[in-house]
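Visitor: Read the sequence shown against our numbering and you will find it ends at 1520, with the numbers running on by one and no gaps.
Here's a structure for you.
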Amino acid sequence: MESLFVQNILGIDKPIVQAPMAGVTTPEFVAASANAGILGSIGAGYLTAEATRNCIREVKSLTDKSFSVNLFVPEQVDTSEEQIAQAYEALKPFQQELGLTGEKVVLSLSEFAEQVKVVVDEGVKICSFTFGIPDQETISYLHKHETYCIGTATTVEEAIAVEQAGLDAVVLQGGEAGGHRGTFLEPLTLIPTMELLKNTIGKIKIPIITAGGIMTKHQMLEYLDEGAAAIQIGTALLATEESGAHPLHKEAILQSEKDVTALTTAFSGKAARGIVNDFMTFMANQPIAPYPVQNDLTKELRKVAGEQGKAEYLSMWAGENLNLAKPGTVADIVHHFISEDY
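See the structure below:
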């Protein structure tokens, strides 16, 4: 079952999925993952439909292997002008330090429906979703065009909901995972990855891709032995040569000697695990707008902080076991997961 899922459905040699980390999954990174025998994944959550199309085409020019596209399921934004103004005001000290003029922020609009069409038009056969479950019309449209659909869940209940909606597989995101929590049904919960897998096995029949703090071959084998069809890795690949992560982000991961991560909503309005820095600490007691408004409010700040080399204001997402990350190419890291001596 697992071998069939990995080889025939995902079209890969190894039971590993490269996490679709929005913002860092450059075409070179995704293609390197695919060429290393794992499932490359474009994190298209923040992209326009046109940018999604361009990224897909660039990946195709670099590999003939299977890869997927990940989309963020749009949600209703429940906020007020006053709430946005308060959240914006809280960012002013950082804007002033970075020399930002405080120009009016343009709120982004989701191009989800257009992106789904791009996935089909470009012939990508695997599409995954985060922050919820797409509507039945979308799922039917993708299935009609023989596109394999993967959901994301952080609890047993969410995994069951993903299966009941008709999605074909689920990424089970444990509490150790870096980046945004994929929670959509429950109050935020942080169930350890192995506990979540054990609790979910037997409750659903669709294949499970386990994610969250997986950094070694030993961990991978434990999850596969427990019943996962594959694993998903993000932090283990973030510091690779091909990764689109900021050099300061890579450096912070590789220099970490212990878990220096925490959850924050400061950057995007959604809970996400990242390396603790001054921005996260200061914003812990400040007003924060809901996602995706907060993400738009901090977008320019993060961009300029990167240009100025100020790691304290960057969103440096990472999982709990980041201290186990190693330098090298994507192929090097994948080899570590497969080689007998790791």
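All C-beta atoms, glycine included, are put in the ideal place defined by N, C-alpha and C.
Here the structure is a predicted model, which is why all the values come from computation and not from measurement.
Let's test the definition: count the other Cβ atoms within 10 Å of the Cβ of Asn1186 and tell me whether it reaches 16, buried, or not, exposed.
Guide: Residue 1186 sits at position 8 when you count from the first residue of the sequence shown. Exposed, because fewer than 16 other Cβ atoms sit within 10 Å of the Cβ of Asn1186.
Visitor: Per DSSP, Arg1451 is paired with what?
Guide: Here residue 1451 refers to the residue found at position 273 of the sequence shown. Partner(s): Gly1357 and Leu1441.
Visitor: Can a CB atom of chain C be found closer than 8 Å to the CB of Ser1517?
Guide: Absent from the structure is chain C; it holds one protein chain and no more.
Visitor: Report the partner residues of Thr1308 according to the DSSP bridge assignment.
Guide: The count along the sequence shown starts at 1 and reaches residue 1308 at position 130. Phe1250.
Visitor: According to the neighbour-count rule (16 or more other Cβ atoms, all chains shown, within 10 Å of its Cβ), is Val1184 buried or exposed?
Guide: Numbered from its first residue, the sequence shown carries residue 1184 at position 6. When all chains shown are included, Val1184 counts as buried.
Visitor: Just the Cα atoms here: how many angstroms apart are Tyr1520 and Gly1452?
Guide: By one-based count along the sequence shown, residue 1520 stands at place 342. By one-based count along the sequence shown, residue 1452 stands at place 274. Below a pLDDT of 50, predicted positions are generally treated as unreliable, and Tyr1520, at 40, falls in that range; no measurement from the model is reported.
Visitor: Is the region 1487 to 1495 close to the region 1414 to 1433, with three or more CB pairs under 8 Å?
Guide: Verdict: yes, contact present.
Visitor: How many angstroms separate the CA atom of Val1298 from the CA atom of Asn1232?
Guide: As a working note, residue 1298 is residue 120 in the sequence shown. As a working note, residue 1232 is residue 54 in the sequence shown. Taking the straight line joining both Cα atoms gives about 14 Å.
Visitor: Would you kindly work out how many angstroms separate the C-alpha atoms of Gly1343 and Tyr1266, rounded to a whole number?
Guide: Position 165 of the sequence shown holds residue 1343. Position 88 of the sequence shown holds residue 1266. Checking the sequence shown, residue 1343 turns out to be Ala, not Gly. Distance between the alpha carbons of Ala1343 and Tyr1266: 37 Å.
Visitor: Once you ignore the five residues that flank Met1179 on each side, which residues in its own chain have a CB closer than 6 Å to its CB?
Guide: For the purposes of this step, residue 1179 is taken as residue 1 along the sequence shown, with counting starting at 1. Confidence in Met1179 is poor, its pLDDT being 47 and thus under 50, which makes the residue's placement unreliable; the coordinate value appears in the next sentence. So no residue of the chain qualifies.
Visitor: Going by CA-CA distance only, name the one from Thr1204, Gln1486 and Ala1227 that's closest to Ser1219.
Guide: Taking the first residue of the sequence shown as 1, we reach residue 1219 at position 41. Checking every option, the nearest Cα to that of Ser1219 belongs to Thr1204.
Visitor: Using alpha carbons as the reference points, say which of Val1340, Ala1355, Leu1345 and Gly1380 lies closest to Phe1362.
Guide: Here the question's residue 1362 lines up with position 184 in the sequence shown. Residue Val1340 is the option with its Cα nearest to Phe1362.
Visitor: Quick test of the definition: if touching needs 3 or more C-beta pairs under 8 Å, does the region 1465 to 1476 touch the region 1393 to 1410?
Guide: As far as the Cβ criterion goes, the region 1465 to 1476 does not touch the region 1393 to 1410, which means the pair count is below three.
Visitor: Closest to Ser1446 by C-alpha separation, out of His1424, Arg1359 and Gln1351, would be which residue?
Guide: Taking the first residue of the sequence shown as position 1, residue 1446 is located at position 268. Answer by Cα proximity: Arg1359.
Visitor: How far does the alpha helix (DSSP H) with Val1349 in it reach, from first residue to last?
Guide: Stepping through the sequence shown from its first residue, residue 1349 is reached at position 171. Per DSSP, Val1349 belongs to no alpha helix (DSSP H); it is in the beta strand (DSSP E), Ala1347 to Gln1351.
Visitor: Starting from the C-beta of Thr1257, find all residues in its chain whose C-beta is less than 8 Å away, skip the five residues before and the five after it, and write them out in chain order.
Guide: Position 79 of the sequence shown, counted from the first residue, corresponds to residue 1257. So the list reads Ala1467, Pro1468 and Val1471, once near-sequence residues are dropped.
Visitor: Which same chain residues, not among the five before or five after Ile1338, have their C-beta less than 7 Å away from its C-beta?
Guide: Stepping through the sequence shown from its first residue, residue 1338 is reached at position 160. Here the set comprises Lys1381 and Ile1382.
Visitor: DSSP state of Ser1318, grouped into three classes?
Guide: The sequence position of residue 1318 within the sequence shown is 140, counting from 1. Ser1318: helix per DSSP, three-state reduction.
Visitor: If we ignore side chains and look at the alpha-carbon of each, how far apart do Leu1182 and Pro1198 end up?
Guide: One-based indexing of the sequence shown puts residue 1182 at position 4. One-based indexing of the sequence shown puts residue 1198 at position 20. Going by the C-alpha atoms only, they are around 22 Å apart.
Visitor: Counting only the same chain and skipping the five closest in sequence on each side, list residues whose C-beta sits under 8 Å from that of Val1302.
Guide: Along the sequence shown, one-based indexing puts residue 1302 at 124. Only Ile1234, Phe1245, Ser1246, Val1247 and Thr1325 meet the Cβ criterion.
Visitor: Spatial neighbours of Ile1262 within its chain, please: CB distance less than 8 Å, with the 5 preceding and 5 following residues excluded, ordered by chain position.
Guide: Counted from its first residue, the sequence shown places residue 1262 at position 84. Around Ile1262: Ala1467, Val1471 and Leu1475.
Visitor: So for Val1195, helix, strand or coil by DSSP?
Guide: Against the sequence shown, residue 1195 aligns to sequence position 17. Residue state, collapsed to three classes: strand.
Visitor: Could you tell me whether the region 1498 to 1505 touches the region 1428 to 1448, where touching means 3 or more Cβ pairs closer than 8 Å?
Guide: As far as the Cβ criterion goes, the region 1498 to 1505 touches the region 1428 to 1448, which means the pair count is three or higher.
Visitor: With Val1482 and Leu1278 assumed to form a contact (beta carbons below 8 Å), what rounded beta-carbon distance in angstroms separates them?
Guide: Locating residue 1482 in the sequence shown gives position 304, counting from the first residue. Locating residue 1278 in the sequence shown gives position 100, counting from the first residue. With 8 Å as the limit, Val1482 and Leu1278 qualify as a contact, their Cβ atoms being about 6 Å apart.
Visitor: Taking Thr1230 as part of the alpha helix (DSSP H), name the residues at either end of that continuous run.
Guide: Stepping through the sequence shown from its first residue, residue 1230 is reached at position 52. Start and end: Ala1227 to Leu1240.
Visitor: Can you give me the Cβ contacts of Cys1305 inside the same chain, cut-off strictly under 8 Å, excluding the 5 residues immediately before and after it?
Guide: Within the sequence shown, residue 1305 is the residue found at index 127, counting from 1. For Cys1305, where only same-chain residues beyond five positions count, the Cβ hits under 8 Å are Ser1246, Val1247, Asn1248, Leu1249, Val1294, Val1297, Leu1320, Thr1325, Tyr1326, Cys1327 and Ile1328.
Visitor: Check whether the Cβ atoms of Val1512 and Ile1190 lie closer than 8 Å to each other.
Guide: On the sequence shown, residue 1512 is found 334 positions in, with the first residue counted as 1. On the sequence shown, residue 1190 is found 12 positions in, with the first residue counted as 1. Going by C-beta atoms, Val1512 is not nearer than 8 Å to Ile1190.
Visitor: Strictly by DSSP, which residues pair up with Phe1245?
Guide: Position 67 of the sequence shown, counting from 1, holds the residue named residue 1245. Paired residues: Gly1218.
Visitor: If you draw a straight line from the alpha carbon of Lys1448 to that of Leu1441, how long is it in whole angstroms?
Guide: The residue given as residue 1448 occupies position 270 in the sequence shown. The residue given as residue 1441 occupies position 263 in the sequence shown. Those two C-alpha atoms are separated by around 9 Å.
Visitor: Go to Gln1410, then tell me how far its beta strand (DSSP E) extends in each direction, as first and last residue.
Guide: Within the sequence shown, the letter at position 232 stands for residue 1410. Start and end: Ala1408 to Ile1411.
Visitor: Counting only the same chain and skipping the five closest in sequence on each side, list residues whose C-beta sits under 7 Å from that of Gly1536.
Guide: Absent from the structure is residue 1536, since the part of the chain shown begins at 1179 and ends at 1520.
Visitor: Can you check the region 1263 to 1293 for any alpha helix (DSSP H) of at least 4 residues that lies completely inside it and give the ranges in chain order?
Guide: Qualifying alpha helix (DSSP H) stretches, in chain order: 1270 to 1276.
Visitor: Give the list of continuous alpha helix (DSSP H) stretches no shorter than 4 residues that lie fully inside the region 1458 to 1498.
Guide: With a minimum length of 4 residues, the continuous alpha helix (DSSP H) runs that stay inside the region 1458 to 1498 are 1471 to 1486.
Visitor: Would you list the one or two residues that DSSP bridges to Gly1329?
Guide: The residue labelled residue 1329 in the question sits at position 151 within the sequence shown. Val1348.
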